[in-house]
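Peer 1:
What follows is the structure, given as structure tokens:
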């Protein structure tokens, strides 16, 4: 049997980031063959993680890939088990790569399909290989909970903690303006991009409530309609992105800011970690 030296163990440990004793045992079982030992460690790690797939993944991060000069944008939600792992630079990089590949590659209908695609930054490796390696070293389950691709130019924003993000579909404008409006979406949580997108029945119910309230106030019929029109503006300003006061300049609406910047707002996807999607 080949002698397993401390240098050999250290070299395997440095390359795999796995515990020293695991590396020593793998080398011994492989007769000192480092590559065989690495393969054995990978297989052992995969088997271990398969038994943990039902573990709860309540932490993670949102990632976005976008650009007003890009042909498509993408947003993904990568879940992990703990907050420290969610902030691990390698996990952040994996999330960003997933979003980039989804936007710039052929697209993917499912998370499994995306995992099988090549990494956009690690030549010769699939995204799944990167994930498997991280899981093997970190020993936490990674779950790609949601993916969405939007055709056409997009802007976007991800909060500094990675727990919320927005992908904004646009025409024209600049990346900076698109990011500012995406930040507004994250903060103000509109439910529609324009008034036309609101549910007609919901709008009718709101209008009926306002009409009844105006009648109860004893207002004459000839001015009730104008009053209700005015009050509906407040309703739209709460629900509709283009009608909301812009968070960075509340003297103007988001729609006015976009128009001044030569940008048309087409829709948005707003996600918060673990919550149901909001899209318009």
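Numbering (the UniProt record's numbering), first residue to last: 1 to 280.
Every residue, glycine too, gets a C-beta built ideally from N, C-alpha and C.
Model, not experiment: these values are computed from the prediction.
(1) Quick check: residue 269 and residue 148, are their CB atoms within less than 8 Å of each other?
(2) By DSSP, does residue 55 sit in helix, in strand, or in coil?
(3) Is residue 282 helix, strand or coil by DSSP?
(4) My guess is that residue 59 and residue 81 are in contact by the Cβ rule of under 8 Å, so how many angstroms apart are they, rounded?
(5) Measuring CB atoms only, is the segment 170 to 185 touching the segment 243 to 251, in the sense that at least three cross pairs come out at less than 8 Å?
(6) Just how far apart, CA to CA, sit residue 232 and residue 207?
(7) Which residue from 124, 66, 119, 152 puts its Cα closest to that of residue 175?
(8) Would you grab the beta carbon distance between residue 254 and residue 184 for me? Rounded to a whole angstrom, and I think it's under 8 Å.
(9) By DSSP, does residue 69 sit in helix, in strand, or in coil?
(10) What separation, rounded to the nearest whole angstrom, lies between the Cα atoms of residue 284 and residue 192?
(11) Can you check whether the CB of residue 198 is closer than 8 Å to the CB of residue 142?
(12) Using 8 Å as the threshold, is the C-beta distance between residue 153 and residue 170 below it?
(13) Identify which residue in 121, 108, 106 has its Cα closest to the Cα of residue 96.
(14) From residue 282 to residue 112, what distance separates their C-alpha atoms?
Peer 2: Inspection of the coordinates gives the following:
(1) Taking 8 Å as the Cβ cut-off, residue 269 and residue 148 qualify as a contacting pair.
(2) Residue 55: coil per DSSP, three-state reduction.
(3) Not covered by the structure: residue 282. The range shown for the chain is 1 to 280.
(4) Confirmed, Cβ separation roughly 6 Å.
(5) Segments in contact, yes.
(6) Straight-line Cα distance between these residues: approximately 7 Å.
(7) Nearest C-alpha to residue 175: 66.
(8) Right, their Cβ atoms sit about 6 Å apart.
(9) Residue 69: coil per DSSP, three-state reduction.
(10) An answer regarding residue 284 cannot be provided, because it is not within the stretch 1 to 280 covered by the chain.
(11) No; because the gap between Cβ atoms is not below 8 Å, this pair is not in contact.
(12) In this structure, the beta-carbon distance from residue 153 to residue 170 falls below 8 Å.
(13) The option with the nearest alpha carbon to residue 96 is 121.
(14) The displayed coordinates of the chain run from 1 to 280. Any statement about residue 282 would go beyond what the structure contains.
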